[in-house]
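Residue numbers (the numbering used here), protein chains in the order written: chain A, 1 to 217; chain B, 218 to 464. Beneath this line is the structure, given in structure tokens, with notes to follow.
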Amino acid sequence: MEKTAREPLFSKKNRRLLIDPMNENNPITVQVLGICSALAITVKMKPALVMGISVIVVMAAANVLTSLLRNLIPNRIRIIVQLVVVALMVILVDQVLKAFVYDVSKELSVFVGLIITNCIIMGRIEAFSLGNSPWKAFLDGVGNGVAYAGILLLVAFFRELLGNGTLFDYPIMAQLGVYDMGYTNNGMMLLPPMALIVVAIVIWIQRAKTPSLIEKD
Amino acid sequence: MDVNSNRYTYLFSIIMVVIVAVLLSVAATVLKPFQDANMVLEKKSNILASIGLVSENPDSLFNSVIVEQLVIRSGEVIESEVSAFDLDMANAVKVPSNKRSVPLFVATYQDNTYYILPLRGKGLWGPIWGFISLQSDANTIYGASFNHLKETPGLGAEISTAIFQDQFPGKIIFSDSYDGIEVRKGDARTNQQVDGISGGTITSVGVQYMLEDCLIPYKAYLLKQVAESTVETHIETLADSSNTNHE
Chain A
1 MEKTAREPLF SKKNRRLLID PMNENNPITV QVLGICSALA ITVKMKPALV
51 MGISVIVVMA AANVLTSLLR NLIPNRIRII VQLVVVALMV ILVDQVLKAF
101 VYDVSKELSV FVGLIITNCI IMGRIEAFSL GNSPWKAFLD GVGNGVAYAG
151 ILLLVAFFRE LLGNGTLFDY PIMAQLGVYD MGYTNNGMML LPPMALIVVA
201 IVIWIQRAKT PSLIEKD
Chain B
218 MDVNSNRYTY LFSIIMVVIV AVLLSVAATV LKPFQDANMV LEKKSNILAS
268 IGLVSENPDS LFNSVIVEQL VIRSGEVIES EVSAFDLDMA NAVKVPSNKR
318 SVPLFVATYQ DNTYYILPLR GKGLWGPIWG FISLQSDANT IYGASFNHLK
368 ETPGLGAEIS TAIFQDQFPG KIIFSDSYDG IEVRKGDART NQQVDGISGG
418 TITSVGVQYM LEDCLIPYKA YLLKQVAEST VETHIETLAD SSNTNHE
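Have a look at this one:
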């Protein structure tokens, strides 16, 4: 199972683990996983950023831990073990957020708990880290986490900018003076359906740019 | 070792559960002081927000603005084992209102006195709570803020928005005919009525019951305060006028 020759830390294969999820194998826009949290916490940039960081941390840590244990985990209870590992990480993240960034943790409230049910995490553990070395599992976790956080921030950028006229609570639209020209915020951007529409537009653009994603009929 | 044998599976799960339990309890114990401090800070800023004060540093502002923290039972200030700040409203409201110990915060800001009363009640899906502040006559609302755990967004949850809360300032809570504020369906006319939220009737009515239930324990005490302060101002005016007479 293990290769005899050691491959360098950032070999081409390992780099692909990190970079693939950003585009051709993006968990949200290509695998369409983790959509519910993408809807819920993309109204503003700050919670989206914290959620993104939390998911990166949880995913990387859970991936490494399950990968370390992969030869010890009894096959019959492996899903339970994965759940316990993810739940442990999520509760730790939740506790840390409550202790140090209380206002953000209030905003994320139930969604931190729902990281457990984020299909991306369970999916990557089951599909990847149970069969690969810790370092690869770490790269895969960070790659998918960053890809997830990236889409979250992209959606949050448009929703906060167009719906609220701010970015990270900074009143950018007011600074630009567009309100004086008769511009008004589009309140609809703040409603959940607009998150789906923004994600759909992202998927559309991505598919148009990436020929390998276009299905042949 | 066969990782798929029954014995190993049991052993693995037992050890895993113990390790995870230890880790989580350590984390919870270590982080608890920080989390508690955050909650205290949040409560302080909520109390301040009810008289329209927002601060980056609620701790020092709270200490300078809040001059008295009292525990009140049946119209009297009592010595309580639990301080007014730590008094848990969720438990307090279970006691009948004439036997209930309730906290009262007295604030002085820019020479005005405000009375701040905590509220706690039931919405449609879960608890609702808030703070209401009264002007120095202890009867006219100065500010109100409500919050909720899980009311429906866009319907019941609207009680935490300015549109609903801004109706309260200027309303009278105690009168001969009714104590509290009535939440009406679109025809609020008197100064003891506010408009409810369309589609959020049960939450709106919850706010009405909460106000009635939580304000009554204060009535006797607050009316007494007002009576005393009117007497004081009366004496002051008398003294002033007698001074002018002598001159």
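In this text, a Cβ means the ideal position worked out from N, Cα and C, and glycines have one as well.
Under the 8 Å Cβ criterion, the region 342 to 357 of chain B counts as touching the region 382 to 394 of chain B, having at least three qualifying pairs.
Around Ile41(A), no beta-carbon contact reaches into chain B at under 9 Å, the shortest distance being about 14 Å.
The three-state secondary structure of Pro320(B), taken from DSSP, is strand. Here Gln352(B) carries a coil assignment [DSSP, helix/strand/coil]. The beta-carbon separation of Ser67(A) and Ser11(A), rounded to 17 Å, does not stay under the 8 Å limit for a contact.
Proximity to Trp342(B) across Glu445(B), Val312(B), Leu366(B) and Asn280(B) peaks at Leu366(B), based on C-alpha coordinates. Apart from the 5 residues on each side of it in sequence, Asn408(B) sits with its Cβ closer than 8 Å to the Cβ of Gly387, Lys388 and Ile389 in its chain, given in chain order.
Note on geometry: alpha-carbon atoms of Ala307(B) and Arg337(B) lie some 7 Å from one another. Around Val237(B), the beta-carbon contacts reaching into chain A at under 7 Å are Val84 and Leu88. Two segments are said to touch when three or more pairs of C-beta atoms, one from each, lie closer than 8 Å; by this definition the region 112 to 127 of chain A does not touch the region 155 to 162 of chain A.
Residue contact check for Ile77(A) against chain B: a CB pair falls below 8 Å.
Neighbours of Val422(B) in chain A, taken as residues whose beta carbon is under 9 Å from its own, are absent, since the nearest beta carbon is some 26 Å off. By the neighbour-count criterion, in which a residue is buried when 16 or more other Cβ atoms sit within 10 angstroms of its Cβ, Tyr170(A) is exposed.
As DSSP reads the structure, Pro344(B) sits in a beta bridge with Lys339(B). Counting along the chain, Leu287(B) sits inside no alpha helix (DSSP H); it lies in the beta strand (DSSP E) bounded by residues Ile283 to Arg290. Chain-ordered listing is empty here: chain A has no CB closer than 9 Å to the CB of Ala301(B), the nearest sitting near 23 Å.
Rounded to the nearest whole angstrom, the CA to CA distance from Asp396(B) to Ala437(B) is 12 Å. Residues of chain B with a Cβ closer than 7 Å to the Cβ of Tyr183(A) do not exist; the shortest Cβ-Cβ separation is about 23 Å. Remark: three or more beta-carbon pairs, one from each stretch, lie closer than 8 Å, so the region 283 to 293 of chain B and the region 302 to 319 of chain B are flagged as touching. With its beta carbon at least 8 Å from every one in chain A, Val243(B) lies outside the interface. DSSP places Glu368(B) outside any beta strand (DSSP E), giving it a letter other than H or E. Three or more beta-carbon pairs drawn from the region 77 to 91 of chain A and the region 231 to 246 of chain B are found closer than 8 Å, and the two stretches are therefore classed as touching. Listed along the chain, the chain B residues whose CB falls inside 8 Å of the CB of Ile91(A) are Leu241 and Ala244. When the beta-carbon positions are compared, Lys136(A) and Asn26(A) stay at least 8 Å from each other.
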